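One point on numbering: in the UniProt record's numbering, the residue at position 163 of the sequence shown is 163, and numbering is uninterrupted.
C-beta atoms are modelled at their ideal positions from N, C-alpha and C, and glycine is treated no differently.
Remember, it's a predicted structure, so these values are computed and weren't measured experimentally.
Read the structure below first, then the notes.
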Amino acid sequence: MNTPTQLAIPPVSLHEICEADALEVLEFESSNSTFFEKWVPARGPEHFEEMSLRQVIKDLMADPDRFYLVRSGTGELVGRINLRKLDKEPLDTVELGYRVGENHLGKGYAKAAVLAVAEQMRADGAMKHLEAFAADNNPASSNVLLACGFRWDKTGTKTVQLNDNPLTLHRFALTL
Ligand SMILES: CC(C)(COP(=O)(O)OP(=O)(O)OC[C@H]1O[C@@H](n2cnc3c(N)ncnc32)[C@H](O)[C@@H]1OP(=O)(O)O)[C@@H](O)C(=O)NCCC(=O)NCCS
């Protein structure tokens, strides 16, 4: 069985999104929107126009949650990973969400980003648990979490609406 230390993980760097990233983020979200919308709720039109996206980014920067860009070893924007519910009960648990550009799938970038965030949270010491929800029709997402040491929490299943269809989400958790 894979454990985090046995994985072949590409180098990535994470940095919190800022206004200087606007044009790259615009290109990333626009070129991948059809792919992402198959799996996660569609972003609003403000994400697909430069001036409104700049305001979205300012709002993210002011938000207590954290929003990171994932860059490859060559500095290319390959994905995004978010830490949500940082100021919500339970205060020792943070929720991860992530996405990787369609051209970069299957190279280990999601796993690298999840492991980097887990490492950062461990070093920070404020949080005890990471959680994430993967849809039951999204094996790539649950594989990422399992490969990074998360466990399926059988009590945490919930149903949401995606594009007007019900979608079952499974909760995965990692104790830091
Ligand atoms: C889920 C997602 C982030 C994975 O990104 P990625 O960089 O390709 O992931 P990785 O390369 O790190 O790992 C993917 C793993 O899933 C596996 N996988 C990919 N597609 C699969 C499929 N259809 N069935 C089973 N396993 C699959 C890969 O083989 C790999 O596992 P392995 O290394 O053990 O072989 C990406 O597909 C994505 O952005 N999807 C749209 C948004 C989304 O679903 N976000 C998650 C919401 S919880």
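Subject >> Met121, buried or exposed, once every other Cβ within 10 Å from all chains shown has been counted against 16 >> reply: Locating residue 121 in the sequence shown gives position 121, counting from the first residue. Here Met121 is buried, its C-beta having at least 16 other C-beta atoms within 10 Å.
His104 beta carbon near ligand 1 (any heavy atom closer than 7 Å) = As a position in the sequence shown, residue 104 is number 104, starting the count at 1. Yes; taking the cut-off as 7 Å, the Cβ of His104 has a heavy atom of ligand 1 nearer than that.
On the premise that Arg80 lies in contact with Arg99, defined as a C-beta separation below 8 Å, what is that separation, rounded to the nearest angstrom?
Counted from its first residue, the sequence shown places residue 99 at position 99. Counted from its first residue, the sequence shown places residue 80 at position 80. So it is a contact: roughly 5 Å between Cβ atoms.
Exercise. Would you mind sorting Ser52 into buried or exposed? The rule is 16 or more other CB atoms within 10 Å of its CB.
Key: Sequence index remark: in the sequence shown, residue 52 carries index 52 (1-based). Exposed is the call here.
Give the secondary structure of Glu76 by DSSP, where H, G and I count as helix, E and B as strand, and everything else as coil.
-> By 1-based counting over the sequence shown, the position of residue 76 is 76. Note: Glu76 maps to coil in three-state DSSP.
Item to complete: Determine the direct distance from the alpha carbon of Asp92 to that of Asp124, and round the result to whole angstroms.
Response: By one-based count along the sequence shown, residue 124 stands at place 124. By one-based count along the sequence shown, residue 92 stands at place 92. Whole-angstrom Cα-Cα distance: 12 Å.
Reduced DSSP category for Lys85 - H, G, I as helix; E, B as strand; rest coil: Here the question's residue 85 lines up with position 85 in the sequence shown. DSSP places Lys85 outside both helix and strand once states are collapsed to three, so it counts as coil.
*asked:* Quick check on the DSSP output: the alpha helix (DSSP H) that includes Arg54 runs from which residue to which?
replied: Looking up residue 54 in the sequence shown gives position 54. Its alpha helix (DSSP H) spans residues Glu50 to Ala62.
Query - Enclosing alpha helix (DSSP H) for Pro166 [first to last residue] - result: Here the question's residue 166 lines up with position 166 in the sequence shown. Segment Asn165 to Thr175 is the beta strand (DSSP E) holding Pro166; no alpha helix (DSSP H) there.
Practice task
Measure the C-alpha to C-alpha separation of Glu119 and Lys85 and round it to an integer number of angstroms.
Solution key: Position 119 of the sequence shown, counting from 1, holds the residue named residue 119. Position 85 of the sequence shown, counting from 1, holds the residue named residue 85. Glu119 and Lys85 have their alpha carbons spaced roughly 18 Å apart.
message = Tell me the rounded alpha-carbon separation between Gly149 and Thr74.
response = Counting from one through the sequence shown, the residue named residue 149 turns up at place 149. Counting from one through the sequence shown, the residue named residue 74 turns up at place 74. Those two C-alpha atoms are separated by around 27 Å.
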